[in-house]
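Residue numbers (the working numbering): 1 to 205.
Quick look at the structure:
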């Protein structure tokens with residue numbers, strides 16, 4: 001799936017301006033469409049951007065850049081989402097499959113205090129923006145990386161959240177009537193889908 005900028009921003013916690021700056025400065029270039037607008041991101045990009053936004057909450061961008069440079073110097077040239085980056089106090093590290101934490105910026109050997117679970121949980125960015133939990137942005141909306149390429153869907157279904165949100169957005173169809181079209185979708189899940197869609201529209205504004 002190709003993630004447009006507003007949804008990428010909402011799911012990752014990176015602002016639209018940050019996405020543009022990080023594209024321009026090669027911090028993270030979209031995998032799907034990086035040459036011209038509309039820029040399109042992959043789910044791996046979303047995870048990597050979310051990691052960067054989480055780190056940026058209390059680490060300067062310069063330190064994050066240094067950590068990414070160190071990864072490249074260590075011949076770690078896979079997509080940034082491939083690596084488990086973590087906070088090591090005032091530094092940044094990563095945990096390779098061997099399990100030994102490698103400091104990327106300051107003091108090697110410090111114990112890890114951040115994990116992938118921290119990145120997937122809700123958090124607050126450096127600009128005090130609240131970022132939804134990645135896998136459950138709303139009670140009735142979930143993200144399954146193995147379903148529709150990580151596109152948010154109604155919980156327990158393959159129905160994209162935006163299809164349901166679009167159905168009820170103008171008030172012609174009520175949340176209770178959505179089950180006439182999609183029996184698996186409850187009225188509450190439909191409301192959650194619309195709420196999530198409106199929050200994305202707010203990001204793009």
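For every residue, glycine included, the Cβ atom is placed at its ideal position computed from N, Cα and C. Here the structure is a predicted model, which means the values were calculated and not measured.
According to DSSP, which residues form a beta bridge with residue 93?
Within the chain shown, residue 93 is the residue found at index 93, counting from 1. Answer is 86 and 103.
What residues are listed by DSSP as bridge partners for residue 153?
In the chain shown, counting from the first residue as 1, residue 153 sits at position 153. 142 and 160.
Beta-bridge partners of residue 130, as assigned by DSSP
By one-based count along the chain shown, residue 130 stands at place 130. DSSP lists 124 as partners of residue 130.
Output the distance between the C-alpha atoms of residue 14 and residue 75, rounded to the nearest integer angstrom.
Reading the chain shown from its first residue, position 14 is the one you call residue 14. Reading the chain shown from its first residue, position 75 is the one you call residue 75. Between residue 14 and residue 75, the alpha-carbon positions lie close to 27 Å from each other.
Alpha carbon of residue 113 to alpha carbon of residue 121, nearest angstrom:
The residue labelled residue 113 in the question sits at position 113 within the chain shown. The residue labelled residue 121 in the question sits at position 121 within the chain shown. Caution applies to residue 113, whose pLDDT of 45 falls short of 50 and renders its modelled position unreliable; the value that the coordinates give is listed next. Roughly 14 Å separates the two Cα atoms.
Reduced DSSP category for residue 55 - H, G, I as helix; E, B as strand; rest coil:
Counted from its first residue, the chain shown places residue 55 at position 55. Here residue 55 carries a helix assignment [DSSP, helix/strand/coil].
Looking only at DSSP bridge pairs, what is residue 40 linked to?
The count along the chain shown starts at 1 and reaches residue 40 at position 40. Residue pairing from DSSP places residue 40 in a beta bridge opposite 33.
Given this structure, state the Cα-to-Cα distance separating residue 1 from residue 40, to the nearest angstrom.
To locate residue 1, count along the chain shown from 1; it is residue 1. To locate residue 40, count along the chain shown from 1; it is residue 40. Looking at the two C-alpha atoms, the distance is approximately 9 Å.
For residue 46 versus residue 8, is the C-beta distance shorter than 9 Å?
For the purposes of this step, residue 46 is taken as the residue at position 46 of the chain shown. For the purposes of this step, residue 8 is taken as the residue at position 8 of the chain shown. Between residue 46 and residue 8, the C-beta gap is smaller than 9 Å, which places the two residues in contact.
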